[in-house]
Amino acid sequence: MTTLIQNGTVVTARETRQADVLIEDGVIKEVRAGIPADSARVIDARGMYVIPGGIDAHTHLDMPFGGTTSSDDFETGTRAAAFGGTTSIVDFAIQARGTRMRDALDTWWKKAEGRAVIDYGLHMIVTDLAGAGLEDMDELVGEGVASFKLFMAYPNVLMVDDATIFRALSQTAKNGALICMHAENGSVIDVIVARALAEGKRAPVYHALTRPPRAEAEAVHRAIAMAEIAGAPVYIVHLSSEDALNQVREARDRGVPAFAETCPQYLLLSIEELQRPGFEGAKYVFTPPLRPRKHLTKLWDGLKHDHLQVVSTDHCPFCFKDQKVLGKDDFTKIPNGGPGIENRMQLIYHHGVNAGKLTLNRFVEITSTAPARIFGMYPKKGEIAPGSDADLVIWDPNAVYTISAETHHMRVDYSMFEGFEVRGNARTVISRGEVVVDGGAFLGKPGRGQYLKRMARGGAWK
Ligand SMILES: [Zn+2]
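Heads up, the sequence shown is in numbering that gives the first Met the number 0, so the first residue is 0 and it goes up one at a time.
(1) Looking at C-beta atoms only, is the number of pairs between the region 60-75 and the region 306-318 that lie closer than 8 Å three or more?
(2) Do you know offhand how far Ser-269's Cα is from Gly-386's?
(3) Put Ile-365 into one of helix, strand or coil per three-state DSSP.
(4) May I ask you to report which of helix, strand or coil DSSP gives Ile-34?
(5) For a test of your reading of the model: does the CB of Asp-55 fall under 6 Å from any non-hydrogen atom of ligand 1? Yes or no.
(6) Who are the Cβ neighbours of Gly-25 in its own chain at under 6 Å, not counting the five residues just before and after it?
(7) With burial defined as no fewer than 16 other Cβ atoms inside 10 Å of the residue's Cβ, what is the status of Leu-442: buried or exposed?
(8) Report all residues from its chain with a CB closer than 7 Å to the CB of Gln-94; omit the five preceding and five following residues, and keep chain order.
(9) Just to confirm the assignment, what range does the alpha helix (DSSP H) spanning Phe-82 have?
(10) Distance, Cα to Cα, Ser-414 vs Lys-28?
(11) So who's on the other strand from Arg-422, going by DSSP bridges?
(12) Report all residues from its chain with a CB closer than 6 Å to the CB of Asp-300; omit the five preceding and five following residues, and keep chain order.
(13) Measuring alpha carbon to alpha carbon, tell me which of Ile-54, Asn-397, Ala-384 and Asp-137 ends up nearest Val-10.
(14) One question on the structure: do Ala-369 and Val-309 come within less than 7 Å of each other, judged by their Cβ atoms?
(15) With C-beta atoms as the reference, is Gly-185 less than 7 Å away from Tyr-205?
(16) Using DSSP's beta-bridge definition, name the partner residues of Trp-394.
(17) So is Arg-78 buried or exposed if we call it buried at 16+ other beta carbons inside 10 Å?
(18) Give the single residue among Val-187, Glu-198, Ala-195 and Arg-194 whose Cα lies nearest to the Cα of Val-217.
(19) Could you tell me the distance, in whole angstroms, from the CA atom of Thr-358 to the CA atom of Met-344?
(20) Taking 6 Å as the cut-off, is the beta-carbon of Asp-252 closer than that to any non-hydrogen atom of ligand 1?
(21) Using DSSP bridges, identify the partner residues of Pro-63.
(22) With distances taken Cα to Cα, identify the nearest neighbour of Ala-371 among Pro-291, Gly-83, Arg-456 and Arg-275.
(23) For Phe-258 and Pro-232, which I take to be in contact (beta-carbon distance under 8 Å), what is that distance rounded to the nearest angstrom?
(24) What would DSSP say about Ile-383, mapped onto helix, strand or coil?
(25) Please tell me whether, using a cut-off of 6 Å, the distance from the CB of Asp-90 to the nearest non-hydrogen atom of ligand 1 is below it.
(26) Pairing CB atoms from the region 155-172 with CB atoms from the region 225-241, are three or more of them under 8 Å?
(27) Could you tell me whether the Cβ atoms of Asp-55 and Ile-235 are closer together than 7 Å?
(28) Judging by CA-CA distance, which residue of Ile-34, Ala-12, Glu-14 and Lys-109 is the nearest neighbour of Val-20?
(29) What is the DSSP secondary structure of Arg-16, counted as helix, strand or coil?
(30) By how many angstroms is the C-alpha of Phe-330 removed from the C-alpha of Gly-277?
(31) For a minimum of 4 consecutive residues, which ranges assigned as the alpha helix (DSSP H) are wholly contained in the region 93-170?
(32) With a threshold of 8 Å on Cβ separation, who are the neighbours of Met-376 within its own chain once the five nearest residues in sequence on each side are excluded?
(33) Mapping the DSSP letters down to three states, classify Lys-332 as helix, strand or coil.
(34) Please state the DSSP three-state secondary structure of Gly-458.
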């Protein structure tokens, strides 16, 4: 099966040019102006950008948390992702304490199998390195799990101590995997939280007020220092504050291989959302929390100047009506997480490119090419060149779209960006040569998404 995308403007992280894209058997065959159509199926992209499919390197589909489960599974979540122009995700398998990482990998493969609409990789969340843990890490790298996430927050649930973090970092110095850190000082935060509860402070906004930016910055600083001692790169997930950003920038300025992602919610929303009347603020309870407005411009600057390398979503939806409500009388019981997998590309394009904060090429880089490189998928993903997978989005820069829970495809009863109007949206979404979304219609099939076996020693090591 041959497909020719004609008359479009091809945009990669490096360049923008008029070119046609020829696809054969799911792979890009040729990229140049004036490719003859011959017998190929032709997709006209006049007036459109042709960009590499988005890669969301941080999602939580079908994830157990605090007695409930995130409301999107691998089918509904990846379908929503595709609508928004994302053609690969990297989700997280979670090692349960006292069990092998291998078991968690099998569990998450089962969750995805028969459901995923687009390709998916898996990071492994490490909760326990006692016993055979370090060899388990090597085994997982062999299975294409080229990154591990550790928590410096959530004591007694997910948090690991510094010795465990350092052992894991040291192991990656040998096996070439990448350690991702949830960087917040969980022990300090727990004391502040207990104090707030004792004072009767139970509303959603206290979720944010008990997790100060300095608690994030301290953990980022510590994570980077431990990585330096271990001789390994480190990647900070969902960085939310200027304080934390300064730590990453300072390290990078010294030539340390420290990397970080942020998310649309930290770029566009602020702590005021948690003060909405009634229990509405619970819709914005996730970790790290939203920050005061002054942080937002700093994060945009960080993206522009490559102090931040990636925009992911940390998509972890819980329905307002029957899940967020678990914390009605106690903010610590509100399931942590928010929906966003569908809107990442639209929001970053509109508020980044249209607003003049990011170039078109930088937009492609932070939403696709950089995560592909850093997480060992490049050049199979994140590139428009012969030999790369034909994961492509035909992007209409003039399409006007209003984000709303009424019309979105995520299985959740609210949107964090309700009423946001964006200009620029995915028109046609192609995954390995197959059109999965076209003009608002879903044409993909559950189960067609493939597991992405990722390579160790990805971009963070170079
Ligand atoms: Zn997360």
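From the three backbone atoms N, C-alpha and C, an ideal C-beta is built for every residue, glycine too.
Here's the rundown:
(1) yes
(2) 42 Å
(3) helix
(4) coil
(5) Placement of the Cβ of Asp-55 at a distance of 6 Å or more from every heavy atom of ligand 1 is found.
(6) Ala-389, Arg-431 and Gly-432
(7) exposed
(8) If we look at Gln-94 and ignore the five residues flanking it on each side, its Cβ neighbours are Met-100, Ala-103, Met-123, Ile-124, Val-125, Thr-126 and Asp-127.
(9) 73-82
(10) Looking at the two C-alpha atoms, the distance is approximately 39 Å.
(11) Partner(s): Val-399.
(12) none
(13) Ala-384
(14) yes
(15) no
(16) Answer by DSSP bridge pairing, in chain order: Tyr-48 and Ala-425.
(17) Under this definition Arg-78 is a buried residue.
(18) Looking at the sequence provided, one finds Glu at residue 217 rather than Val. Here the closest residue by C-alpha is Val-187.
(19) 14 Å
(20) no
(21) Thr-68
(22) Among Pro-291, Gly-83, Arg-456 and Arg-275, the Cα nearest to that of Ala-371 is on Arg-456.
(23) 7 Å
(24) Residue state, collapsed to three classes: coil.
(25) no
(26) yes
(27) no
(28) Ile-34
(29) Reduced to three states, the DSSP call for Arg-16 is strand.
(30) If you take the alpha carbons of Gly-277 and Phe-330, they lie about 13 Å apart.
(31) Fully enclosed alpha helix (DSSP H) runs of 4 or longer: 100-111 and 132-141.
(32) Ile-54, Ser-87, Gly-120, Pro-370, Leu-451, Arg-453, Met-454 and Gly-457
(33) helix
(34) helix
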